[in-house]
Each structure stands twice: as C-alpha cells, then as structure tokens.
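A quick write-up on the structure given underneath.
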Amino acid sequence: MAHKFMRNIGIMAHIDAGKTTTTERILYYTGKSHRIGEVDNGEATMDWMEQEQDRGITITSAATTCYWKDAQINIIDTPGHVDFTAEVERSLRVLDSAVAIFCAVGGVEPQSETVWHQADTYHIPRIAYVNKMDRLGADFYEVIKEIEEKLKAVPVPLYLPVGKESDFRGTIDLLTMEELSFEPTSFGSKVERGPISEEYRDLARQWHEKLIDTVSAGSEEITDLYLEGKEIPLELLKKAVREQTIDRSIVPVFVGASLKNIGVQPLLDGVLDYLPSPWEAPPIHGIDVKSGEEVVIEEDESEPALGLVFKIQADREAGSLSFIRMYRGEIKKGTAVYNITKNKRERVNRLLRMHSNRYEAIDKVSAGDIAVVVGFKIAQTGDTVGSEAKKILLERMHFPEPVISVAIEPKTVSDQDKLKKVLELLKQEDPTFTVKENEETGQLVIAGMGELHLDVLVTRIVKDFKVEAKIGNPQVTYRESISKKHRHVQEFHKVVAGKENRAKITLEVEPLSRGAGDSFESLVTEAQLPREFLDAVRRGVTNSFSSGIMYGYPSIDIKATLVDAEYDEQTATSFAYEAAGAMGFDAACHEAAPILLEPIMHVDVMAPKDFIGDVMNHLTGRGGLIESLESKTNREHIRVKVPLANMFGYSTALRSITQGRGTFAMEFSHFAKKEGGL
C-alpha cells in the first residue's frame, strides 16, 4: 500500500459532543456500514458492547478500518470518560493524529480539555470538528474563541456554517470559496458545490483573509504572493495548512451536524488532506533491552518486526483478540513472534482487519498498520512484540494505582470457576483492573480507577459474561505505612516431621518519602548467611509488603533492612528464614507507629457562576482543599483535592446543586495520612 494512503486517527470528544454519531456517519459514507445507526435508538456500530448502548458512552477503544478515496483509515476509538485514562493514554499512544469533536452548544468542556492535554503530551497533530450546529444555542464563533482561550491553540476555520440551529443548512469552503449543500434525501451522500449566497459573501471574505494571514506566518511563499497581491494557488494553501497542522502550529476547524448528515465528507477529506500518514508522524521512542538506552524507531517495513499490543478484547467465538499497531517490519499469519515484554514466543494463528463489528482475514500486517492477532495466549495490553534478534521495548506504560474496590461473590459454587476465568480475561484486557482474594474472608475483591470504571466492569461480568454474582458496596483501597524507625529481633523455631527448622534475624524498618515505594536491603553478607537463606528472608519480607500491617492493605514507602542474622548449619532451612522474614517485618512495623494512608483525588469541577458558592461549600464540606478558582466566559473552574472516601455519589450531588449543569473530572493525586484510623 502506498505510504501516503494510510491514516491512523483517533476521535476525541467530550461525552455529549456526538462522537459516536460522527463515527457512524464516517462508516456509512465510507461504505462499510449499510444503514446509519443512531445512538439515540441504540444501534450504533462502534458501540458494539451492549453496555455502551445502555449508557450512550464509548468505553472500549476498538479499532475500525474504512476506506475513503483510495486511502485506508484506521479509526482508533478513544474513550471520552476520564475514569478510563489508561485506555485513553493507550489509544493516544498508537494514533498518528486525531479529530477533536466539540459540541457547538457546549464548546470546550472539561473532559475535552483533559484529553486535549493528553494529546499534547504525545505530540499528536489534530483537526477540530464543531458538531451539532443544528442544536438550539449553537454558536460556531464562540467555540472558535474557546479553543483559542481554553486550549491555547490556534484554530483556523476551513469551513463556516451556513445558518444555525434549525436553519443550519450547509457549509462554506473557505479555501475554494464555495458553498456546500448536502442532499437530505440521500442521507447527505450527495454534496453539491455552488457559489456563496449573497448574505455570506462578506463574512466568507473576512475569514478567507484571516486564514491566509494565519497560514502565511508559517510560509514565506504565501507571504510573498500575498504582499504582491497575487492569487494564491489552492494547492499551495493546502500544502501550507498540512505542514502547519503536522507540526502542530495550527488546528484546522471543520463544521457540521452529523445527525443531520451535514459536514462529514469534508471532514473525511480533511483527514486525508491535512493529517499525517504513519511515515510523517513524529517518530516514537523505545528502549533497547540490552543497553537500556532509548532508541528512535522509524516506521520501516524492511527492518525486524516491532509492534505494540494496545488492546485485548475477549470475543466469545475467537477467544482473545489482540489489537496490535506495527511500527516496524511485518508479522505474517501462521508464524511465531517474540513477546519482548514477557520474554516468550507466541504464535500468530490468524490476522484480522476489523470493520466495526465485522472482520476480514488478512495474510500480514506491516509497519504503520493496525490489525488483530488471534492466537496470543500470554499477551497483555501494553506488551511489545517483535523479533528475538533485536529486542526493543516500546516504552513501559505507566498505569495509575487502582483506588476503589468492591467485593464480588459468585451466587453458586458452579459460578465460582466461571467468575475466576472472566476476571482473568478482564485483567488481560485492562491493566488498571486488579483482582485479589481476601485471605480472611475468601472473598474476591476487584479494584479499579473510579466508580464508573468498576460499574462498567461489574456490568460486563454480569451481563456480557452472564455470571451470577453478588456485588458489595464500593470501598476505598487504602495503603499502610509507618512513621518511625524500629529495629526488631525475630526468632523462628518449629519442628516439622521430626526436623528442626530454626532462624534468627534482626530487621530494621524505616519510613521513606511518599511515592518512593517499598525496598529491601541486606547488610548481611553471604559469608554470614548463605545466599539461599538471604533470598528466603527477602522473599518473606517482600511478600509481606502487600499484606499490610494493621488492616491488610498494601504497605507503601517502607524500607526494610536485614541488619544481622544467626546461622546454624544443622537447623537452618529456607522455610524458617522466609517465615522469620515475614514475621519479623510484621512485628517491626507494628512497633514503628503504623499509619493508614488514604487516596486523595485531584478533582476539576466546572459549574455556572450562579452556583459556584454552593459548589465550593459542598466541596469543603466533603473535606476538599480548594487549590484554585478560575473564571471562564460562562463558567467557573475549581481545582480541588478531596479524599476519595468523600467522593462517593458526588456526580448525583453535583447535578442537584447545579441543576444538571455542573461537570467534574477526577484522577488520583497522592496518598496522605488518614486521621482517626478506619
């Protein structure tokens, strides 16, 4: 496939900006979907999980391939809800560019800001699409202003709306200076171009001048022609817009109303005209496993294979589907590839290209492309696959700590194994989801990133996988630590089957700064204590890190040091030293002023000015520390740190305080000492 004819794009948007409807239209016009599905009647093609149809939000980032004007477009569907940050990060990692959709009424909403900044971090070129021009209160020019002010971007409208609200009937192409109308009887498939109507000519001329003015700043050629008063060729203008979009100095803006089938085809043209192919996107970095050094990876089909598993999805028929983005070389079906993250070989039984909820079998996947591998057994989301000869890790993904948990119990014994299998599957799909068995109660405890995240997982277990289970109430997952240094001597002595097992060690525990993690160090040499017993002590201590001190929560930021050990060749056993390590750590921590730490969340709240006093009082009532208050044109933005335990049910409370007009986004900030214990 010719290089320039491929795009890997993501569609980023706030929850109600119309992302799914727009994706639906794209699939319809590119001929892959034979009738238009509406989110409003629960038929959308991208949202193929039932659950998403119930909620009307997109959770899984399925990758869908479609074709437009000889080009292949892979659409990576990014989730719009902040509870799924890991998923957002992961999909941004494999995109080369993105389409940001804004609602013409809501403008730039907090969620869009979050995702926009995430895209900045990954240097992703973007074009913007102002949707829902047919809605009451739609204001294209206000959204342009917000993109400038809130996102600190340089929006360059390439199209203007003709009419608005119920009168919205078409768009004006500012590059060709023509008016476009979309034939309603053919679902907008026929696009007519004609002269600009009288009432819009002056406005179009002003914005055309503005466009040339902005673009000329980055192109000497255009500046010269402009100053000489000469006509600027269309191709030159397009080339300049393309270059400046790819280097992220401008954001071209398109306009439409996807639900009314207006404006989607020009947006598709924009994807091809202004967004980069995989070979023009910024190169990505990896880590050479041998040297530990960072290397730059160029998209090259002739080099050894290298790809990233960015999504695992369980399919009832095919088993586990591994979505993979290739950065180098190629992978063929029926061959083995090396999982560099896990150091194991895996077999590629089949390769598929997904078209929303259908697929076609393909023989190989090459650099720049995206496909689905069937047959991987051990691959997890975030793994790098490639060749054994040249081991490069595509940067480790950092997933935030799960901070909220809920107990789950099968209703019948026969459901027990089924539940365990399902949980394993979900863990493979989503590394931010963890499963633990509570040793005392035998209950399974699942943990995730927030209330919605867990809610979605639980619904999938019960609805998609049909496991009958009882679900507890959401609980905060605390951490434990210590607040002073303590030294402890631990003896262990037990006769098992007539053999003596004896060990004696001295352990010292001390608190480390927040975020430092747990560590174990030995001042005892192998001359004093043979290596196998040193390792046994280390095992005993490190295994105890996760089981807590007082309440059984994982302990963090503790350094344990083996200061001294006694050794008797006759009675020393690994079993004894491992037990002494575990018991010694536990006893030492009990004496080291143990403390309970709770997760503190960073919360961004957006609310209209009229309600701001009530919102702030309510937040401080929930133990929030307000860090800043910023006034926007029509709303206030509050940044606040609140203990997670006080945030349950906040979305309902915020809705009632602000008459449904307030929104918030929340992510984990840090752990801090919880006053007054549990």
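Read in order, the letters of the sequence shown are residues 9 to 686 in our numbering.
Here a beta-carbon is modelled for each residue, glycine too, at the ideal position from N, C-alpha and C.
Y137 bridges to which residues according to DSSP?
Partner(s): I109, F262.
Count the other CB atoms within 10 Å of the CB of V304; is the residue buried (16 or more) or exposed (fewer)?
By the neighbour-count rule (16 or more Cβ atoms within 10 Å), V304 is not buried but exposed.
Do A673 and V484 have their CB atoms nearer than 7 Å?
Not a contact, by the Cβ cut-off of 7 Å.
Would you call the CB atoms of M614 and T671 closer than 7 Å?
Yes, these two residues count as a Cβ contact at 7 Å.
Please name the residue in E635, V249, A71 whose C-alpha comes closest to that of P260.
Among E635, V249, A71, the Cα nearest to that of P260 belongs to V249.
Who are the near neighbours of R669 in its chain, counting only those whose CB is closer than 6 Å to its CB and skipping five residues on each side?
The answer, listed in chain order, is P616.
Between R143, L144, A136, V170, which has its C-alpha nearest I155's C-alpha?
Nearest option by C-alpha distance: A136.
In the segment 375-432, which residue ranges form an unbroken beta strand (DSSP E) of at least 3 residues, counting only runs that do not cross its ends?
Entirely contained in the segment 375-432, the beta strand (DSSP E) runs reaching 3 residues are, in chain order, 378-382, 392-394, 412-418.
Going by the CB atoms, is the gap between E516 and R495 shorter than 7 Å?
Yes, the Cβ-Cβ distance between R495 and E516 is below 7 Å.
State the Cα-Cα distance for the pair I19 and S330, rounded to the nearest angstrom.
Approximately 21 Å between the Cα atoms of the pair.
Would you say the segment 99-108 touches the segment 73-85, given that touching needs at least three Cβ pairs under 8 Å?
Verdict: yes, contact present.
Buried or exposed: which applies to P192, given that a residue is buried once 16 or more other Cβ atoms fall within 10 Å of its Cβ?
Classification of P192: exposed, given that the 10 Å Cβ count is below 16.
Ignoring anything shorter than 4 residues, give me the alpha helix (DSSP H) runs that lie fully in the segment 515-593, in order along the chain.
The segment 515-593 contains these whole alpha helix (DSSP H) runs: 539-553.
Would you grab the beta carbon distance between A477 and L427 for me? Rounded to a whole angstrom, and I think it's under 8 Å.
Contact holds; Cβ gap of about 6 Å.
What residue range does the beta strand (DSSP E) around N692 cover?
Residue numbering for the chain in the displayed model covers 9 to 686; residue 692 lies beyond these limits and cannot be assessed.
For G458, count neighbouring C-beta atoms within 10 Å of its own C-beta (all shown protein chains included) and say buried if the count is 16 or more, exposed if not.
When all chains shown are included, G458 counts as buried.
Quick check: what's the CA-CA separation for D391 versus Y486?
The straight-line gap from Cα to Cα measures roughly 29 Å.
Leaving out the 5 sequence neighbours to the left and right, which residues in its chain are closer than 6 Å to P418 when beta-carbon positions are compared?
Closer than 6 Å at the Cβ level, and outside the excluded window around P418, lie Q424, L427, A477.
Exposed or buried, N16, counting other C-beta atoms within 10 Å across all chains shown (16 or more means buried)?
Result: buried.
Would H42 be called buried (16 or more neighbouring beta carbons within 10 Å of its own) or exposed?
For H42, the predicted structure reports a pLDDT of 42, less than 50, and the residue's modelled location is therefore unreliable. The matter cannot be settled from this model.
Going by Cα to Cα distance, which pick from D147, D277, V164 is closest to Q214?
Answer by Cα proximity: V164.
Would you check if there are 3 or more beta carbon pairs closer than 8 Å linking the segment 205-219 to the segment 177-191?
The segment 205-219, when compared against the segment 177-191, does touch it at the 8 Å Cβ threshold.
Just the C-alpha distance for A680 and T628, rounded to the nearest angstrom, thanks.
Rounded to the nearest angstrom, the two C-alpha atoms are 17 Å apart.
Can you tell me which residues form a DSSP beta bridge with E606?
Bridge partners of E606: A680.
Return the bridge partner residues of Q273 from the DSSP annotation.
BP columns for Q273 are empty, so no partner.
Helix, strand or coil: which one does DSSP assign to A52?
Below a pLDDT of 50, predicted positions are generally treated as unreliable, and A52, at 47, falls in that range; no measurement from the model is reported.
Please state whether DSSP places V116 in a helix, a strand or coil.
Note: V116 maps to coil in three-state DSSP.
Can you tell me which residues form a DSSP beta bridge with V317?
Answer is I332, bridged to V317.
Quick one: Cα of P602 to Cα of N551, how far?
Going from the Cα of P602 to the Cα of N551 covers about 18 Å.
CA-CA distance, K429 and G548?
So the two alpha carbons sit approximately 29 Å from each other.
Select from P538, Y208, R256, G264 the residue whose C-alpha is nearest the C-alpha of V199.
Comparing Cα-Cα distances from V199 to each of P538, Y208, R256, G264, the minimum goes to G264.
Reducing DSSP to helix, strand and coil, say where E302 ends up.
Reduced to three states, the DSSP call for E302 is strand.
Can L605 and S489 be called in contact, C-beta distance under 7 Å?
Yes, Cβ-Cβ distance for L605 and S489 is below 7 Å.
Counting only the same chain and skipping the five closest in sequence on each side, list residues whose C-beta sits under 8 Å from that of S395.
Within the same chain, S395 has close Cβ partners P312, A313, L314, G337, V345, Y346.
How would you write the range of the beta strand (DSSP E) that R201 sits in, first residue to last?
First-last of the beta strand (DSSP E) with R201: 199-202.
Around the C-beta of Y335, are 16 or more other C-beta atoms found within 10 angstroms, so that it is buried, or is it exposed?
Y335 should be labelled buried.
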